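Protein chains in written order, with the numbering used here: chain A, 438 to 582; chain B, 3 to 203.
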């Protein structure tokens with residue numbers, strides 16, 4: 438039923454115990470609205486850097502059916518942008534901020550998209566593969582004698 | 003004068019390098035030596051009634067006081083902090099060394115940094131260190147405080163607290179055994195006892 442309504446949606450390999458779907462980024466919000474009642478709990482939102490693409494991973498759980506579902510969204514490594522699912526699962530708020538903090542993926546229409554763990558003004562995204570430490574080296578402090 | 007100083011024959015009392023704590027029990031001395039202890043100022047029979055005389059340098063006395071009342075600021079940011087609690091608790095009992103955990107930097111003499119220091123925590127470490135009164139000492143406890151430990155290459159971890167403040171004693175371990183922490187504390191006490199000597203901080 439879902440496959441007919443969302444072109445580009447396909448089944449794919451994922452974590453054990455999860456039915457995994459690869460979702461085109463433009464259909465994520467619609468699909469999320471569709472899945473909202475069946476899977477009320479977004480248990481994890483994270484991302485993976487494969488150098489040629491960034492993969493967003495949404496892990497959904499249904500308390501009633503004891504069912505698990507995994508959604509994967511591929512994004513380009515340059516200017517990755519995707520629709521925020523905060524309106525569907527409010528718990529996505531901080532998790533999307535963390536993904537933004539670590540991978541630099543911007544979420545459109547997020548209520549408060551800023552760094553959550555690192556401080557404002559930090560350069561770069563630490564969990565990207567090509568990350569280099571922007572901090573200047575510090576010398577060792579020794580008590581004057 | 004300078005030649006005599008170089009020979010070490012005639013040095014000022016304040017220049018004495020070795021801490022001398024000498025308790026003289028006058029009762030044990032023969033009569034003629036008792037008379038010469040203070041140059042014959044006090045008659046010998048009075049000296050027999052006086053308490054034993056303690057001869058020391060002022061610096062050594064101050065060091066003795068300091069090394070026996072080193073209150074510490076427990077800067078426990080990770081699992082080493084738990085181990086530090088074990089050192090402070092009854093089995094190892096830091097109180098018997100006069101070390102009281104005190105959660106205000108202004109009354110503390112030694113800061114025990116126990117745990118990973120992140121970039122966000124770094125300003126707090128420096129601020130607390132600067133709020134401590136001189137003389138102040140720092141013990142880096144555990145691999146994280148010494149070098150960053152397993153998080154050495156981390157994007158948000160300071161690779162060693164000595165990048166922020168000068169450290170006196172490094173106690174390695176992950177986390178160190180309480181005995182190792184006690185050994186580090188004894189090393190610090192030795193260091194405090196040597197304060198004022200040449201080449202000592």
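All C-beta atoms, glycine included, are put in the ideal place defined by N, C-alpha and C.
Here the structure is a predicted model, which is why all the values come from computation and not from measurement.
Contacting residues, own chain, Cβ-Cβ under 8 Å from residue 523 (chain A) (five flanking each side not counted): Residue mapping note: residue 523 (chain A) aligns to position 86 of the first chain, counting from 1. Around residue 523 (chain A): 529, 530, 533, 544, 546, 547 and 548.
Can a CB atom of chain A be found closer than 8 Å to the CB of residue 165 (chain B)? Here the question's residue 165 (chain B) lines up with position 163 in the second chain. By this cut-off, residue 165 (chain B) is an interface position.
Cα-Cα separation between residue 23 (chain B) and residue 66 (chain B), rounded to whole angstroms: For this step, residue 23 (chain B) is matched to residue 21 along the second chain. For this step, residue 66 (chain B) is matched to residue 64 along the second chain. Unreliable placement is indicated for residue 23 (chain B), whose pLDDT of 48 sits below 50; no coordinate value is reported for it.
Decide yes or no for the touch test of the region 482-493 of chain A against the region 441-457 of chain A: beta carbon pairs closer than 8 Å, at least 3 of them. no
What's the call for residue 69 (chain B), buried or exposed, on a 16-neighbour Cβ count within 10 Å? Your numbering for residue 69 (chain B) matches position 67 in the second chain. Flag for residue 69 (chain B) reads buried.
By the 10 Å Cβ neighbour count, where 16 or more other Cβ atoms means buried, how is residue 169 (chain B) classified, buried or exposed? The count along the second chain starts at 1 and reaches residue 169 (chain B) at position 167. Its Cβ being crowded by 16 or more others within 10 Å, residue 169 (chain B) is buried.
Whose C-alpha, out of B:185, B:184 and B:123, is nearest the C-alpha of residue 166 (chain B)? Translated into positions along the second chain, residue 166 (chain B) becomes position 164. Comparing Cα-Cα distances from residue 166 (chain B) to each of B:185, B:184 and B:123, the minimum goes to B:123.
Kindly indicate the opening and closing residues of the beta strand (DSSP E) around residue 141 (chain B). Counted from its first residue, the second chain places residue 141 (chain B) at position 139. 139-143 is the extent of the beta strand (DSSP E) around residue 141 (chain B).
For the beta strand (DSSP E) that residue 114 (chain B) lies in, which residues bound it at each end? Counting from one through the second chain, the residue named residue 114 (chain B) turns up at place 112. That run of the beta strand (DSSP E) goes 112-116.
Using the C-alpha atoms, what's the distance from residue 195 (chain B) back to residue 139 (chain B)? Locating residue 139 (chain B) in the second chain gives position 137, where the first residue counts as 1. Locating residue 195 (chain B) in the second chain gives position 193, where the first residue counts as 1. The straight-line gap from Cα to Cα measures roughly 13 Å.
Beta-carbon within less than 7 Å of residue 539 (chain A)'s beta-carbon, same chain only, minus the 5 sequence neighbours each way: which residues are those? Residue mapping note: residue 539 (chain A) aligns to position 102 of the first chain, counting from 1. So the qualifying residues of the chain are 562, 563 and 564.
The beta strand (DSSP E) that contains residue 168 (chain B), what's its start and end? Translated into positions along the second chain, residue 168 (chain B) becomes position 166. It is not in any beta strand (DSSP E) - residue 168 (chain B) carries neither H nor E in the DSSP assignment.
When you compare only the Cα positions, how much space is there between residue 515 (chain A) and residue 479 (chain A)? Within the first chain, residue 515 (chain A) is the residue found at index 78, counting from 1. Within the first chain, residue 479 (chain A) is the residue found at index 42, counting from 1. So the alpha carbons of these two residues sit roughly 26 Å apart.
Give me the chain A residues within the contact set of residue 158 (chain B), using Cβ-Cβ distance strictly less than 8 Å, ordered along the chain. Position 156 of the second chain, counting from 1, holds the residue named residue 158 (chain B). Within 8 Å Cβ-Cβ: 554, 555 and 563.
In chain order, what residues of the region 164-198 of chain B put their CB closer than 9 Å to some CB of chain A? 164, 165, 166, 167, 168, 169 and 170
Looking at residue 117 (chain B): is its Cβ nearer than 8 Å to the Cβ of residue 144 (chain B)? Position 115 of the second chain holds residue 117 (chain B). Position 142 of the second chain holds residue 144 (chain B). Result yes, Cβ atoms of residue 117 (chain B) and residue 144 (chain B) sit closer than 8 Å.
Under 6 Å Cβ to Cβ from residue 578 (chain A), same chain only, skipping five residues before and after it: list those, please. Numbered from its first residue, the first chain carries residue 578 (chain A) at position 141. Closer than 6 Å at Cβ, skipping near neighbours: no residue.
Taking only three categories from DSSP, how would you classify residue 464 (chain A)? For this step, residue 464 (chain A) is matched to residue 27 along the first chain. Looking at residue 464 (chain A) - three-state DSSP - the assignment turns out to be helix.
In chain order, what residues of the same chain have a beta carbon less than 8 Å from the beta carbon of residue 107 (chain B), not counting five sequence neighbours either side? Translated into the one-based positions of the second chain, residue 107 (chain B) becomes position 105. Only 75, 113, 130, 131, 133 and 134 meet the Cβ criterion.
Measuring only between beta-carbons, confirm whether residue 460 (chain A) sits less than 8 Å from chain B. Here residue 460 (chain A) corresponds to residue number 23 of the first chain, with the count starting at 1. No, no contact with chain B.
If we require 4 or more residues per run, which alpha helix (DSSP H) segments fall completely within the region 69-106 of chain B? 81-90
Who are the Cβ neighbours of residue 84 (chain B) in its own chain at under 8 Å, not counting the five residues just before and after it? For the purposes of this step, residue 84 (chain B) is taken as the residue at position 82 of the second chain. Cβ within range, chain order: 78 and 177.
At 9 Å on the CB atoms, spell out the chain B contacts of residue 485 (chain A), in chain order. In the first chain, residue 485 (chain A) corresponds to position 48, counting from 1. Those within 9 Å of residue 485 (chain A) in chain B number zero; the least Cβ separation is about 18 Å.
Tell me the rounded alpha-carbon separation between residue 482 (chain A) and residue 497 (chain A). By 1-based counting over the first chain, the position of residue 482 (chain A) is 45. By 1-based counting over the first chain, the position of residue 497 (chain A) is 60. Spanning the two alpha carbons is a distance of roughly 9 Å.
Nearest chain B C-beta to residue 570 (chain A) closer than 8 Å, yes or no? Taking the first chain and counting its residues from 1, the one referred to as residue 570 (chain A) is at position 133. Closer than 8 Å: yes.
Under the rule that 16 or more other beta-carbon atoms within 10 Å means buried, what is residue 161 (chain B), buried or exposed? Taking the second chain and counting its residues from 1, one reaches residue 161 (chain B) at position 159. Counting Cβ neighbours within 10 Å, residue 161 (chain B) comes out buried, since at least 16 surround it.
Length-filtered (4 minimum) alpha helix (DSSP H) runs lying within the region 482-535 of chain A: none
Distance, Cα to Cα, residue 146 (chain B) vs residue 463 (chain A)? Reading the second chain from its first residue, position 144 is the one you call residue 146 (chain B). Reading the first chain from its first residue, position 26 is the one you call residue 463 (chain A). So the two alpha carbons sit approximately 45 Å from each other.
On the CB-based measure, 16 or more other CB atoms within 10 Å of its CB, does residue 520 (chain A) come out buried or exposed? Against the first chain, residue 520 (chain A) aligns to sequence position 83. It counts as buried.
What does residue 577 (chain A) reach in chain B if we use C-beta pairs closer than 7 Å? Residue mapping note: residue 577 (chain A) aligns to position 140 of the first chain, counting from 1. By Cβ distance, chain B contributes 164 and 165.
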